[in-house]
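Residue numbers (our numbering), protein chains in the order written: chain L, 107 to 510; chain F, 3 to 223.
Some notes on the structure that comes next.
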């Protein structure tokens, strides 16, 4: 820092990616998008900049605060740089694609911008990748989303990610059963997010039995599939819990069963009410050892948009590709290459080069007058004349790696 | 950023009064550092645990740093005062237990001979910038915050501030410096906090720790 700091310094939280990591990141991006495509998800490319009201449609104040804003000099309206691509993709589904019939599966990968840097990672421009399913309200689409998220994490190099699933219906149903109004729910919701049991007890002082006990158990209801049976036991008795709670537990059981069949274990946390404000219903996140925060998250957000006046069912997940790359341990693939003479300096090189490239080889021309050799250009072979043919022969590895 | 060995627990403890009062609590829960944390100059201490229990190490920090360690996943659990947690710009952790130790109060204090609350804007000296800002904003008072790192009690006497926001245990320090509490902000005690990922990835070890400490804090439950 100080006087030496040049004008090329980047703003806080904004990063550039250099070789070879840029290549590694791009390889991961392609693999992830290919994986999504193999599951039937169509790639969409929402714009980087939109009218603010359209960008924030159906979302909460969190996203508003995270969105960079500028005034459009053409229309005089406020523009926002996307801070989250999910609402954009939901809008594309609702206004451009939605039709009666088959569900619509969409995926995306792109840079988003946050008004403020994340306090922990310091990042302001993550590369968001994600996949969403629209038009199917059943728990099966949630199972598919979690399954695809798991595959994405495997492809990024995480062997055994920990998947944590919750359901907002449990809290909402209990709150309805106990007749809590919004003002009473908010602090309880916040305390549950922190599993602050002493605080939860205080907040439940005026709540009648058995709702008080039922809420009291929520913070402790987390763990493996047995958690769901434990929950059913805790919620038993009179008066019965609202249908919404039963339905939520039913969804979670279906998820547990679905993954048991695949030989996978997912975990449950009934006090986990995560996500951005637009999520409701099933919510899930992935954790990996040695990292203090979730690395991918998703859930159901029915009704963010409407189609023909009806709330559109929606579920999906997203992650920051840079985080997946940094933590997943994937590194750019090894590559070789062929150093070829400049075409003007040797006959027939053109054709040889074209053939090599068509066969998938990386071929770099030696520019006339350049310094440095094959190794400097990451080439392990050199194109040399053999009679009337051009052949690629291995470049001997010199002691210092070929430099000089 | 790995907190510890796969199954071990790293517990961050705030130094000073909280550490002194936490040692017996941890000991009763079966966690005893191999060296006396109050004597050693080491900041990382391995602890003796019951056979079959996951290894534990204690890291000794300034109270304000405990939430940071938790949030970055550099510690699985932490013991810090509620004041430090309220002052931290985030709450990305679980807070399962009020340990009931290191009790005190966060108050607004003024000079004993101070006339009624000044009208308009007031100047407040404190090291709890966020807490003070939030408190005065919620009561609709325009407050200019002067950040100090200690000896807040001086500020009202030298014209630096109209009020201070500080922790009060017995009130002796306030009295000795000619101040009196005028508003109560919050009751403070030490809390056990847990990193969210640790709670999930090291569920057995963390739940055991919480249960063992709860046993000491609320034997009735």
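All C-beta atoms, glycine included, are put in the ideal place defined by N, C-alpha and C.
Note that the structure is a prediction, hence the values are computed from the model and not measured.
Original post:
Which word fits residue 287(L), buried or exposed, when buried means at least 16 other C-beta atoms lie within 10 angstroms of its C-beta?
Top reply: exposed
Original post:
Distance, Cα to Cα, residue 437(L) vs residue 138(L)?
Top reply: 15 Å
Subject >> is_contact[residue 273(L), chain F] using C-beta, thresh 8 Å >> reply: no
Original post:
Which full runs of the beta strand (DSSP E) of 3+ residues lie inside the stretch 44-113 of chain F, going along the chain?
Top reply: 46-50, 58-63, 79-83, 95-100, 106-113
Subject >> residue 458(L) in three-state terms, based on DSSP >> reply: helix
Original post:
Do you know how far the Cα of residue 329(L) is from the Cα of residue 205(F)?
Top reply: 8 Å
Original post:
Closer than 7 Å, Cβ to any Cβ of chain F: which residues of the stretch 294-318 of chain L, in chain order?
Top reply: 300, 301, 302, 303, 304
Original post:
Leaving out the 5 sequence neighbours to the left and right, which residues in its chain are closer than 8 Å to residue 189(L) when beta-carbon positions are compared?
Top reply: 169, 172, 173, 174, 218, 219, 220, 221
**OP:** Answer yes or no: does any C-beta atom of chain F fall closer than 8 Å to that of residue 449(L)?
**Re:** no
Subject >> Three-pair Cβ contact test at 8 Å for the stretch 297-310 of chain L versus the stretch 220-239 of chain L >> reply: no
Subject >> Selection of the stretch 143-177 of chain F by Cβ proximity to chain L, strictly under 8 Å >> reply: none
**OP:** Kindly indicate the opening and closing residues of the alpha helix (DSSP H) around residue 348(L).
**Re:** From DSSP, residue 348(L) is part of no alpha helix (DSSP H); its letter is neither H nor E.
Original post:
Going along chain F, which residues have a C-beta under 7 Å from residue 329(L)?
Top reply: 205
Original post:
Which chain L residues are close to residue 75(F), counting only those with a beta carbon under 8 Å from its beta carbon?
Top reply: 396, 397, 398, 399
Original post:
Which whole-angstrom value is the C-beta distance of residue 45(F) and residue 61(F), which I expect to be below 8 Å?
Top reply: 6 Å
Original post:
residue 243(L) to residue 408(L), Cα distance in whole Å?
Top reply: 8 Å
Original post:
Would a check of beta-carbon distances place residue 4(F) closer than 8 Å to chain L?
Top reply: With a pLDDT of 41 at residue 4(F), under the threshold of 50, the predicted position of this residue should be treated as unreliable, though the coordinate-derived value follows. Yes, because at least one Cβ of chain L sits closer than 8 Å to the Cβ of residue 4(F).
**OP:** Out of 161(L), 203(L), 283(L), point me to the one whose CA is closest to residue 414(L)'s CA.
**Re:** 203(L)
**OP:** Scan the stretch 307-370 of chain L and note each continuous alpha helix (DSSP H) run of 4 residues or more that stays entirely inside, going in chain order.
**Re:** 317-324, 332-341, 349-367
Subject >> Three-state secondary structure (DSSP) of residue 430(L) >> reply: helix
**OP:** Anything in chain F within Cβ reach of residue 373(L), meaning under 7 Å, just list it in chain order.
**Re:** 202
Original post:
Excluding sequence positions up to five away, which residues of its chain have a Cβ less than 6 Å from the Cβ of residue 14(F)?
Top reply: 61, 63, 68, 71, 77, 80
Original post:
Can you name the start and end residues of the beta strand (DSSP E) that residue 149(F) belongs to?
Top reply: 145-149
Original post:
Hey, which unbroken runs of the beta strand (DSSP E) at 3 residues or more fall wholly within the stretch 258-296 of chain L?
Top reply: 268-273
Subject >> Heavy atom of the ligand SAM within 7 Å of residue 60(F) beta-carbon >> reply: The model on display carries no ligand, and the ligand SAM is accordingly not part of it.
Subject >> residue 225(L) at chain F interface by Cβ criterion, 8 Å >> reply: yes
Original post:
So the beta strand (DSSP E) residue 156(L) belongs to, where does it begin and stop?
Top reply: 155-157
**OP:** Closer than 8 Å, Cβ to Cβ, to anything on chain L: give me those residues from the stretch 66-100 of chain F, in chain order.
**Re:** 72, 73, 74, 75, 76, 91, 92, 93, 94, 95, 96, 97, 98, 99, 100
Original post:
How would you label residue 298(L), buried or exposed, when you count the other beta carbons within 10 angstroms and need 16 or more for buried?
Top reply: buried
**OP:** Taking C-beta pairs closer than 7 Å, name the residues in chain F that residue 268(L) reaches, listed in chain order.
**Re:** 202, 203
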